[in-house]
Structure formats: C-alpha cells, structure tokens
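First comes the structure, then the notes that go with it.
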Amino acid sequence: MPSPETERQWHTLLADDQESRRPASSSLKGRLYSVLIRSQQETGPLASLDASVANGHGICVFEKLVQIAPVSEAAKSPFFCTACHARLLAEHFDNPPISWAHCPYVQFKT
Amino acid sequence: MQTEPAIKTPSETLSSHQERQLVEQVLSKDRKATGEFVAFCTDSVYSFVRKRLLPRVELVEDVMQEILMAAWQSLPKFRGDASLRAWILGIARHKTDDYYRRRLREADITEEGGSPADPAVEPLLDRHLDAAVEQDRVEQTLALLPEAYTLALIWRYRDEKSVREMAELSGKTEKAMERLLARARETFRREWNHAQS
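These protein sequence lines are chains A and B, in that order.
No gaps in the numbering here: position 39 of the first sequence is 1027 in the numbering used here, and each next residue is one more.
No gaps in the numbering here: position 123 of the second sequence is 207 in the numbering used here, and each next residue is one more.
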C-alpha cells in the first residue's frame, strides 16, 4: 500500500478538475434530444403544441402553422421535427446553419 | 395553472421552483421542456462521463443515452432534495460504476507476482506546469495504459472509491485490487516519464 501522502498526491493528480470540463457538442445534444423524444412517444403521444405554448414555450414557424391549422389536438401531437431538415442538420453537424426562433435544436448550438 | 415564463437560459442555474416546473413539464411530455431539459443537463453529465470513460470516447454517446433514458424514467421520483443536475449526476455515477464493475470483472487480475516499487508520485510532477497542460498530459498518459489500469486509477483516485469497495463491486479480492492499482501506478509513472524525456 502506498503511504497516505502518496495516495493524496495521486488523488490530486487524477482529480476531476472543474476547469478542464468541456461541453457536449451540439450534435450530440441534438441526437440525445431526438432519442429522448422518441422514447417519450413510445409511452403515448407528446403533449400538444397548445400545451407547450400554455407552459410558456415558444414554437417555431412550422409548428405555428400546425397549431393554427383547423385540426384536432391529436393531430398536433406528433414530433414534427422528424420531417424537418433542421433536425437532420443538427444531429449531424456541430453548430449547423439553422437559426429559426424556438427551434429546439437551435438552443443546443454553442 | 399559472406558470412562470419558460426557462430561457438552460445553461444557467435554475431555482428549485424552476427545476420542479421543468420536471413536471418533461413528465407531461412537453417537447419544448424536454429540449430545455437536455440543454440544461447534458454538459455537466457529458463532462463527468467523458472523463470516466477515457480513452473509450466512442462509448460516451451510448452511456449518455442510457443516463438520459434512466433519468427520464426516474423523473417521477425527483423530489428536489438535491439540484436537478446533481440528481442526474448521481444517475451518471451509477451508470459509470456499472461500466467499471463490468469491465474489471472481465479483466484478468491476479494476486501473484512481486509488488512493484511504489515511490511517491510527486517527483514526476513539474510544479510549474500549467494546470490545463497537466490535465491534458494526465489524460494522454491514461489513454496509453491498459484499460484495466486506467479504470482502476480513475475509480480509485477520481471517484474516490476505497480499495475494498472496488474489490467488492468487481468481484475481486482486495489483494488483487491492490496489486492492480500498484501495477497501474507504476505503468502510469513509466509512461509519464517516457513522455517527459
């Protein structure tokens, strides 16, 4: 067994220092978000866009079109990002050239 | 129900009320809240996981997915006793412990053989080395070691597990674990000095 002082030195050398922490890439966050949403969908429909707005969240321009469409609540629940090129870009490229307000993938850019 | 405005700065600290509100919205499967949840939690968890899986960075994404899935499934149990980030880091710690336990169980660790000399680590350190440079060098040196050595050193000195805990969790004897750590320290020291020369 090493001496307590030697042990202390190893702890110091290998400590998890806060300064060298690096953030996750935006593409990783985008993929994690997509996976989490898909997982939520497996247990039933997502909350509607109206519910998101009622919770104080903004919705993107494409979601806004769906929200004002004369369709049922159930029709407003799918994950529309599945069909959006912004999601594809965000999952595959870091800090992609997307900038729509309230796009969930834009917030992951660093 | 009256709610506060949505969280606009997910990278910053949230009040406990904001955290509970975010959790409630994620549990209701609000897609926007889920995005904020990912933005809020991912960086701290990523940094923790990456530093524990080095050099196997290719595993980080899978483990991150496991952690976020586990967090989502356990969110109904979140009571707010600790901050949301600390709570998820607890889940991350369990997941990385599982990984260490699994890998060290599979590792061929014996009790035989003489103990390598175990001098103090201090002589190999340059006291004037910049902290960031030193950390980079530590990570580079860890990446050169056999996986079992890297895992043992990180588990013992970064996660501050006792030798007894490590032995119990990995199904090895304490003596075998001490020998593994002694070899790991010796190999680390050799690689470190080699890189210096």
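All C-beta atoms in this analysis are idealised placements derived from N, C-alpha and C, irrespective of residue type, glycine included.
query	result
Residue 1064 of chain A and residue 1082 of chain A closer than 9 Å at C-beta	no
contact_flag[the segment 1022-1038 of chain A, the segment 1059-1076 of chain A] where n(CB pairs < 8 Å) is 3 or more	yes
Given residue 1072 of chain A as reference, the closest of A:1019, A:1036, A:1020 and A:1050 once Cα atoms are compared	A:1050
Coil, strand or helix - residue 88 of chain B by DSSP	In this prediction, residue 88 of chain B has a pLDDT of 46, which is less than 50 and means its spatial position is unreliable; nothing more can be read from the coordinates.
Cβ neighbour criterion (16 or more within 10 Å) applied to residue 214 of chain B	exposed
Cut-off 8 Å between Cβ atoms - residues of its own chain near residue 134 of chain B, not counting five sequence neighbours on either side	141 and 144
Delimiting residues of the alpha helix (DSSP H) encompassing residue 1018 of chain A	1014-1029
Cβ-based neighbour list, residue 1079 of chain A, same chain, cut-off 7 Å, excluding 5 preceding and 5 following	1015, 1018, 1019 and 1022
Environment of residue 240 of chain B [buried if 16+ CB atoms lie within 10 Å]	buried
DSSP state of residue 1010 of chain A mapped onto helix, strand, coil	coil
For residue 1084 of chain A, the three-state DSSP class (helix, strand or coil)	coil
Delimiting residues of the alpha helix (DSSP H) encompassing residue 1043 of chain A	From DSSP, residue 1043 of chain A is part of no alpha helix (DSSP H); its letter is neither H nor E.
Beta-carbon spacing of residue 283 of chain B, residue 226 of chain B below 9 Å	It is not possible to answer for residue 283 of chain B, since the shown part of chain B is limited to 85 through 281.
CB contact check: residue 147 of chain B to chain A, cutoff 9 Å	no
Beta-carbon proximity list for residue 932 of chain A, same chain, < 7 Å, skipping 5 on both sides	The structure shown does not extend to residue 932 of chain A, since chain A is modelled only from 989 to 1098, so the question has no answer here.
Spatial neighbours of residue 164 of chain B in its chain, beta-carbon cut-off 6 Å, leaving aside the 5 residues before and after	100 and 104
CB contact below 9 Å: residue 118 of chain B versus chain A	yes
Nearest residue (CA-CA) to residue 1062 of chain A, options A:1095, A:1098, A:1034 and A:1003	A:1034
Validate contact between the segment 223-238 of chain B and the segment 252-269 of chain B using beta carbons, cut 8 Å, 3 pairs	yes
C-alpha gap between residue 1077 of chain A and residue 129 of chain B, whole angstroms	24 Å
Pair within 9 Å by beta-carbon distance, residue 1024 of chain A and residue 229 of chain B	no
Member of B:263, B:188, B:220 and B:258 whose CA lies at the smallest distance from the CA of residue 231 of chain B	B:188
Residue 276 of chain B and residue 221 of chain B closer than 9 Å at C-beta	yes
Distance, residue 159 of chain B Cα to residue 175 of chain B Cα	11 Å
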